[in-house]
Amino acid sequence: MQERVSVVITTFNREDLLERAIRSVMAQDYQAIELIVIDDHSDAKTAALIEAIRPECDARFVQFIYERNAKNSGSNFSRNRGYALATGKFVTGLDDDDYFLPQRISKLVARYDEKYAFVCDAPARIDKTTKIVSDSNHKRVVTLQDILCENVVGNQVLTTREKLHAVGYFSPEIKQQQDRDVWTKLIIKFGPGIKYSFNTSMVDAEHGSDRITTSLKKYHSYRKLYFKYKQHMTEATESHNLYQLMSFRGYSSTRMNALLRGRKKGLKLRFKLLRRTLKEMF
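Position 196 of the sequence shown, counting from 1, maps to 357 under our numbering, and the rest follow consecutively.
Structure, rendered in structure tokens:
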């Protein structure tokens with residue numbers, strides 16, 4: 162008997178993309194799926210889509226849940242609401258503008274190992290450079306210092322409902338880099354994650370909807386994570402994060418390299434120089 166997998170989709174005014182996402186979950190070769198859609202107070206078009214597609218969802222899934230927020234409450238609230246409703250042993254998410262390939266869930270469930278915090282793969286981006294790798298079994302261990310330097314995981318993983326619940330789901334105070342924040346919490350509590358090099362999900366980089374990419378917003382999100390997890394960082398990881406913060410604030414690579422070089426070449430002394438510079442910026 163297959164273990165139940167709960168898939169949580171959060172959505173806001175993207176009914177066309179939402180239908181593509183839902184149908185990609187329908188097309189999974191894994192059968193025991195619970196689909197939960199949390200609508201962050203979209204207009205009537207989203208509810209109309211759900212009513213039209215509900216008979217197919219009820220027939221395909223072990224359980225289908227659609228909930229609409231009373232007001233627009235943001236992605237963290239919506240995700241947490243969805244995962245709180247989940248009943249599967251395993252949980253995973255799907256953004257409404259992305260979609261799964263048919264073997265997504267079966268591949269990750271087969272490779273889940275309890276000694277790791279989660280299992281994930283390498284999502285492919287839908288753009289002119291798209292290259293799908295479906296048969297590689299190469300894997301890497303994602304350590305705490307890896308995730309504290311950069312989100313090397315991506316925007317979705319497969320883990321257990323109990324593990325996600327144990328770390329408190331998504332943190333309300335983290336408005337961007339929410340995914341990286343959760344992966345960090347999971348690794349701190351349950352040990353490293355595991356990442357495979359094949360692709361079983363597609364990240365849509367070409368649709369017309371807005372994506373949040375400004376350097377200032379990146380700066381604020383990275384800054385929050387830096388101070389939240391600073392105590393877990395090695396000296397090299399802390400220096401890396403400070404370098405990123407400087408770049409988001411508009412420092413040129415020439416100036417950053419000059420600051421890093423300075424007259425003193427020791428890592429500790431260069432790090433102190435960076436900290437003095439950042440104090441001036443803050």
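Even glycine gets a Cβ: it sits at the ideal position worked out from N, Cα and C.
Task: Proximal residues to valine 166 (C-beta, below 8 Å), its chain only, five neighbours per side dropped - done: Residue numbering aside, residue 166 sits at position 5 when the sequence shown is read from its first letter. Closer than 8 Å at Cβ, skipping near neighbours: Tyr191, Ala193, Ile194, Glu195, Gly249, Lys250, Phe251, Val252, Thr253, Ile266, Val270 and Leu319.
- [ ] Identify, in the order they occur along the chain, each residue of the same chain with its Cβ nearer than 7 Å to the Cβ of threonine 345, setting aside the five sequence neighbours on each side.
- [x] In the sequence shown, counting from the first residue as 1, residue 345 sits at position 184. In chain order, Ile308, Leu309 and Tyr390 place their CB closer than 7 Å to the CB of threonine 345, counting only its own chain and leaving out the 5 sequence neighbours on each side.
- [ ] Identify which residue in Val343, Gly354, Ala245 and Tyr383 has its Cα closest to the Cα of arginine 272.
- [x] Locating residue 272 in the sequence shown gives position 111, where the first residue counts as 1. That would be Gly354, whose Cα lies nearest to the Cα of arginine 272.
Task: Inter-stretch contact at 8 Å, needing at least 3 Cβ pairs: the stretch 203-223 / the stretch 236-244 - done: With a cut-off of 8 Å on Cβ pairs, the stretch 203-223 is not in contact with the stretch 236-244, counting fewer than three such pairs.
- [ ] Could you tell me which of Ala220, Lys356 and Phe388 sits nearest to leucine 406, measuring between CA atoms?
- [x] The count along the sequence shown starts at 1 and reaches residue 406 at position 245. Cα-wise, what sits closest to leucine 406 is Phe388.
Open item on the list: Counting C-beta neighbours from all protein chains within 10 Å, is the total for threonine 395 16 or more, i.e. buried, or is it exposed?
Closed with: Residue numbering aside, residue 395 sits at position 234 when the sequence shown is read from its first letter. Result: exposed.
Open item on the list: So, with DSSP's three-state summary, where would you put aspartate 200?
Closed with: On the sequence shown, residue 200 is found 39 positions in, with the first residue counted as 1. Strand at aspartate 200.
TODO: Helix, strand or coil for valine 173, going by three-state DSSP, please let me know.
DONE: Within the sequence shown, numbered from 1, the residue matching residue 173 stands at position 12. It is phenylalanine, not valine, that sits at residue 173 in the sequence shown. Correct three-state label for phenylalanine 173: coil.
- [ ] Between the Cα of histidine 393 and those of His381, Ile349, Val343 and Lys356, spot the shortest distance and give me the residue it belongs to.
- [x] On the sequence shown, residue 393 is found 232 positions in, with the first residue counted as 1. Nearest option by C-alpha distance: Ile349.
Task: Inter-residue Cα distance where the pair is aspartate 282 and asparagine 237 - done: Here residue 282 is taken as the residue at index 121 of the sequence shown, counted from 1. Here residue 237 is taken as the residue at index 76 of the sequence shown, counted from 1. Each residue's alpha carbon lies about 22 Å from the other.
- [ ] Please classify tyrosine 357: does DSSP put it in a helix, a strand, or coil?
- [x] The residue labelled residue 357 in the question sits at position 196 within the sequence shown. Look at tyrosine 357 here: in three-state DSSP terms it is strand.
Task: Bridge partner(s) assigned by DSSP for lysine 280 - done: In the sequence shown, counting from the first residue as 1, residue 280 sits at position 119. One detail in the question is off: residue 280 reads as valine in this sequence, not lysine. Looking at the DSSP assignment, valine 280 forms a beta bridge with Leu319 and Ile355.
Task: Residues of its chain near aspartate 371, where Cβ-Cβ distance is below 8 Å and the 5 sequence neighbours each way are ignored - done: As a working note, residue 371 is residue 210 in the sequence shown. Any answer about aspartate 371 is weak, because its pLDDT of 49 lies below 50 and its placement is not dependable; what the coordinates show is given next. No residues qualify anywhere along the chain.
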